[in-house]
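This report refers to the structure that appears directly beneath it.
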Amino acid sequence: MHPFTTIAVLVLGCFAVLGNCAPSLNSKRTNAVCRVEERLLRQMRHKVHVLSRDAQRQDEDTDTRLVGKELFRGLEESGSCYVLREVIDFYLITVLNSAELQTKYPHLDEVKEFLTVLMKRHMSDCETEEKTKANEKIDGLKQKVDQLGEASKAKVVGELFILLQEIGSRCSTVER
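Residues are numbered in the working numbering as their position in the sequence shown, beginning at 1, plus a constant of 974.
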């Protein structure tokens, strides 16, 4: 190999390494607390969509929305991250733990595992100075779930895709 070519390859290699070590200029969000790689969301998007679509067929209450713009209105990024984490935690513990749902929706276990990992690895540091306001939003969601009673299961599963979209829009980072 020609000495100039060797040097050029080494220089280009150094730039490539430096480029990969530098913060991504393409990241959608600047929130250092709530960072989820778009690749992770993409992996589950289809399964969550299919699961949600199946549940929406059984959801007769089309007027009630659990996860939507109102849930995040007036919150800063850290507040939104905190709300997302708390909603996921509530869903996992309270709603998605039903044995009936496990048999009804074949991909639910995989989606629950994904949400658990997502919450623990990528959202565990989500805290906010707006805790009072954020907790009011979460309490409102919990009240709606209680009011829906048994119908809340179909509503929650039906809105998992919306939840995933909110995570994507509020927490995802684009990889280079």
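All residues carry an ideal CB built from backbone N, CA and C; glycine is no exception.
Extent of the continuous alpha helix (DSSP H) run through residue i
| i | result |
| --- | --- |
| Gly1142 | Leu1134 to Cys1145 |
| Lys1105 | Lys1105 to Leu1122 |
| Thr1077 | Ala1073 to Lys1078 |
| Glu1051 | Glu1051 to Phe1064 |
| Lys1086 | Leu1082 to Val1091 |
Alpha carbon of residue i to alpha carbon of residue j, nearest angstrom
| i | j | result |
| --- | --- | --- |
| Glu953 | Val1130 | Residue 953 is absent from the structure shown; the chain starts at 975 and stops at 1150. |
| Cys1100 | Lys1078 | 32 Å |
| Thr979 | Ser1146 | In this prediction, Thr979 has a pLDDT of 43, which is less than 50 and means its spatial position is unreliable; what the coordinates show is noted afterwards. C-alpha separation (whole angstroms): 39 Å. |
| Arg1027 | Asp1120 | 22 Å |
| Thr1106 | Thr1068 | 22 Å |
| Gly1048 | Gln1117 | 20 Å |
| Ser1072 | Lys1127 | 9 Å |
| Ser1098 | Ala1108 | 16 Å |
Same chain only: Cβ atoms within 6 Å of residue i, ignoring 5 sequence neighbours per side
| i | result |
| --- | --- |
| His1081 | Lys1021 and Leu1025 |
| Leu1070 | Lys1086 |
8 Å CB neighbourhood of residue i in its chain, flanking five on each side removed
| i | result |
| --- | --- |
| Val1041 | Val1061, Leu1115, Glu1133, Ile1136, Leu1137 and Glu1140 |
| Leu1122 | Asp1035, Thr1038 and Lys1129 |
| Leu992 | Low confidence applies here, because Leu992 scores a pLDDT of 33, under 50, leaving its location unreliable; read the following figure in that light. Correct list: empty, nothing qualifies. |
Three-state class that DSSP yields for residue i in the structure shown
| i | result |
| --- | --- |
| Val1024 | helix |
| Pro997 | Per-residue confidence for Pro997 stands at a pLDDT of 35, beneath the threshold of 50, marking its modelled position as unreliable; the derived number appears in the next sentence. It is coil, neither helix nor strand. |
| Glu1044 | helix |
| Glu1101 | coil |
| Glu1011 | strand |
| Arg1039 | coil |
| Arg951 | An answer regarding residue 951 cannot be provided, because it is not within the stretch 975 to 1150 covered by the chain. |
| Gln1030 | helix |
Beta-carbon proximity check, residue i vs residue j, cutoff 8 Å
| i | j | result |
| --- | --- | --- |
| Asp1063 | Met1093 | yes |
| His1096 | Arg1009 | yes |
| Glu1104 | Glu1051 | no |
| Arg1144 | Leu1058 | yes |
| Leu1075 | Leu1089 | no |
Proximity test, residue i beta-carbon vs the ligand SAH heavy atom, cut-off 7 Å
| i | result |
| --- | --- |
| Glu1044 | In the structure on display, the ligand SAH does not appear, and there are no ligands present to speak of. |
Same chain only: Cβ atoms within 7 Å of residue i, ignoring 5 sequence neighbours per side
| i | result |
| --- | --- |
| His1023 | Phe1135 |
| Ser1054 | Phe1046 and Arg1144 |
| Arg1031 | none |
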